[in-house]
Amino acid sequence: MGVVNITPDSFSDGGRFFSAKLAIAHARKLAKEGADIVDLGGESTRPGAAPVSEKDELARVLPVLKEIADLCVSVDTRRPAVMSAVLEAGASMINDVDALSAPGALQAVANSACGVCLMHKKGEPATMQQDPHYDDVVGEVKAFLNERVKAAQAAGVAAERITVDPGFGFGKTVEHNLEVLRRLNEFSSLGPVLAGLSRKSTLAKLTGRPVDERLAGSLAMALLALQGGATILRVHDVKETRDVISVWEAFK
Ligand code: 9MG
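For the sequence shown, our numbering gives the first residue as 1264, with consecutive numbering after it.
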């Protein structure tokens, strides 16, 4: 899954694709490099990011989606109205960092045949990195995801449409992220696992590198996630991650 942020303030690409034209070109480049899915986002979940209205989120995402609807496009959104509009416009998947918890979100997804990613996060993006605490991070994240999978199924979303994601960096310290990564295979009983570790701030803490120098760290994380059973890797550097997958598949 290749990331295309159509935001002026994304942490990982500094708003480089904040125009429909650039975002479309970037999505096509990632698909050519081997992304099976392109993940479009019109709202940054970075701590401190400026809030975006529903109208602006749609104005960012829809023109791009309409031009690349021949690709398998996932839309990263928390808003039911955005979900319905992008599914109508041809999106294949909804990637919700709120795990369909907004009123109407379960129904918006259940009314279509799309795939869905249910992600765990603790707290809200603006404050979630301020001293997050768990007694048992893997147990708590797993219990949350299990509850959300059950809620989605009860609303009419078939199990084979659901992917789960422990939400690396979303209300988790470096130690929490590493513990989840070490025990990633424990999440596979809930469904296929999506892992998003690319360029994240845990890498800043582990390597001391700024965001544009985290490729090697991101590739190491990708390999560890594959080893832990991840079936979708959400990444910025598709070409390089494809090589990691080739090596991993040959080794396996
Ligand atoms: C939108 N977004 C940013 N980071 C993410 C991650 O780790 N997983 C998913 N599913 N979405 C993410």
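Glycine included, every Cβ here is placed at the ideal spot set by N, Cα and C.
Determine which residues share a DSSP beta bridge with C1380 and list them.
Per DSSP, N1358, T1426.
Along the chain, where does the beta strand (DSSP E) that runs through G1386 open and close?
Unbroken run through G1386: none, as it is neither H nor E.
So, H1383 versus P1429, is the Cβ gap smaller than 8 Å?
Closer than 8 Å, so yes.
Could you work out which residue in G1454, K1463, V1327 is closest to I1269 when comparing CA atoms only?
Considering only alpha carbons, the answer is V1327.
Length of the line joining the Cα atoms of L1496 and D1299:
The straight-line gap from Cα to Cα measures roughly 10 Å.
Do you know offhand how far V1507's Cα is from H1499's?
Cα to Cα, the separation comes out at about 14 Å.
Spatially closest choice to H1439 from S1364, L1469, H1396, by CA coordinates
Of all alpha-carbon atoms in S1364, L1469, H1396, the one lying nearest the alpha-carbon of H1439 is that of H1396.
Please state if the CB of V1301 and the CB of V1267 are separated by a distance shorter than 8 Å.
Judged by beta-carbon spacing, V1301 lies within the 8 Å limit of V1267, meaning their Cβ atoms are closer than that value.
4-residue-minimum alpha helix (DSSP H) runs that sit fully inside the stretch 1397 to 1482, ordered along the chain
With a minimum length of 4 residues, the continuous alpha helix (DSSP H) runs that stay inside the stretch 1397 to 1482 are 1400 to 1418, 1437 to 1445, 1464 to 1470.
Just tell me which of L1447, A1421, A1417, R1505 has its CA closest to the CA of F1431.
Minimum Cα distance to F1431 is reached at L1447.
Is V1360 near ligand 1, judged by its Cβ being under 7 Å from some heavy atom?
Checking the Cβ of V1360 against ligand 1 gives yes.
Tell me whether L1457, by its Cβ, gets closer than 7 Å to a heavy atom of ligand 1.
Result yes, Cβ under 7 Å from ligand 1.
Which first and last residues belong to the beta strand (DSSP E) in which D1240 is found?
Because residue 1240 is not part of the residues shown, which for the chain are 1264 to 1515, the question remains open.
State yes or no: is the C-beta of R1497 nearer than 7 Å to some heavy atom of ligand 3?
As for ligand 3, it is missing from this structure, which binds only ligand 1.
Check whether the Cβ of F1407 sits closer than 7 Å to any heavy atom of ligand 1, and report yes or no.
Checking the Cβ of F1407 against ligand 1 gives no.
Could you tell me the boundaries of the beta strand (DSSP E) in which D1339 lies?
That run of the beta strand (DSSP E) goes 1336 to 1339.
Just to confirm, does G1434 get its C-beta within under 7 Å of one of the non-hydrogen atoms of ligand 1?
Flag unset: Cβ of G1434 not near ligand 1.
From V1420, E1330, L1457, residue whose alpha carbon lies closest to that of A1290:
Checked all of V1420, E1330, L1457; the closest Cα to A1290 is E1330.
Based on the DSSP output, what are the partners of I1495 in its beta bridges?
DSSP, once it has assigned bridges, lists L1457 as partnering I1495.
Counting C-beta neighbours from all protein chains within 10 Å, is the total for G1480 16 or more, i.e. buried, or is it exposed?
Buried, since its Cβ has 16 or more Cβ neighbours within 10 Å.
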